[in-house]
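A quick write-up on the structure given underneath.
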Amino acid sequence: MKKSLLFISILFLGISCNNNDVAKKHLPTPPQNIENKISIYHSFDQLAPIFEKQNDTTYLINFWATTCPPCIREMPHFEALEKKYKTKKLRILLVSLDDKKNAASKVKRFIKKHKIKPKVILLADDNYSAWTDKVDASWYGALPATLIFKNKKRHFSMGAFESFEDLEKTILPFFSK
30 MKKSLLFISI LFLGISCNNN DVAKKHLPTP PQNIENKISI YHSFDQLAPI
80 FEKQNDTTYL INFWATTCPP CIREMPHFEA LEKKYKTKKL RILLVSLDDK
130 KNAASKVKRF IKKHKIKPKV ILLADDNYSA WTDKVDASWY GALPATLIFK
180 NKKRHFSMGA FESFEDLEKT ILPFFSK
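30 is the number of the first residue of the sequence shown in our numbering; add one for each residue after it.
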C-alpha cells in the first residue's frame, strides 16, 4: 500500500512538473483579452517573464503608442519582418503604452485600420520609472523603443528603425547559430 501511494505521488509530481514546463514556454495569461487582438496587462510584472526566456526563439519587443508618429512609421517594418522570417523562430510583440483612458478602443481601432498582424499587448502600467530599467538600464521611457533578444544576447534601441533594411540588419545576427 505504501509503495502504491509513493508511486502515485511521484507520478503526480512528474506530471505536474511537465505541465509547468509547457506553461513556461508561453506568455502569462493576460487578465483581459479584446477579441484575441489585444492582451491587456495592468502591471509590468505580468509581462516581465518574457524577458527571461532562455530558448531558441528570437524575441523582438517594440514599445510604441498610437500617438507617436515615428512608432507608426516603423510599424510596417515589423509586419514585413514577420512575413519574411515566418520560418524562423521569431516572436514579435508590440507593446502599446497608450494612455489608459480609452486606450483599448484606440489601440483596437489602430490595429484594425493598419491590419497589424504581430501580437499586440496594451501595457496599462504607467509607473514607467519603476520598470523601464528592467527592459534596459539606458531606457528612460522615450518611444519608440525596441528590445531584441535571444537567451543572453540582447540589443536595445531607442528611436525608430528608419527602414526595413535597418531592422533586418539589426536582427539577422540573432538568427545565426
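Cβ coordinates follow ideal geometry from the N, Cα and C atoms, glycine included.
Owing to the predicted nature of the structure, the values given are computational and were not obtained by experimental measurement.
Inset, instruction - Assign serine 68 to one of two classes, buried (16 or more other C-beta atoms within 10 Å of its C-beta) or exposed (fewer than that). - result: buried
Legend entry - Contact set for arginine 102: own chain, Cβ-Cβ below 7 Å, skip 5 residues either direction: Ala189
Inset, instruction - Could you tell me if serine 125 is buried or exposed, where buried requires 16 or more neighbouring beta carbons within 10 angstroms of its beta carbon? - result: buried
Inset, instruction - Measure the beta-carbon distance from leucine 123 to lysine 148 and round it to whole angstroms, keeping in mind my assumption that it falls under 8 Å. - result: 7 Å
Inset, instruction - Report the three-state DSSP secondary structure of histidine 71 (helix, strand or coil). - result: coil
Legend entry - Secondary structure of serine 278, DSSP reduced to three states: The shown model of the chain, from 30 to 206, leaves out residue 278, and the question about it has no answer.
Legend entry - Cross-strand partners of leucine 151 (DSSP beta bridge): Ile69, Ser125
Inset, instruction - Decide if asparagine 156 is buried, meaning its Cβ has at least 16 other Cβ atoms within 10 Å, or exposed. - result: exposed
Legend entry - CA-to-CA distance, leucine 151 to threonine 95, given in whole angstroms: 11 Å
Inset, instruction - Indicate whether phenylalanine 139 and isoleucine 121 have their beta-carbon atoms separated by less than 7 Å. - result: no
Inset, instruction - Have a look at the DSSP bridge pairing and note the partners of histidine 184. - result: Ile177
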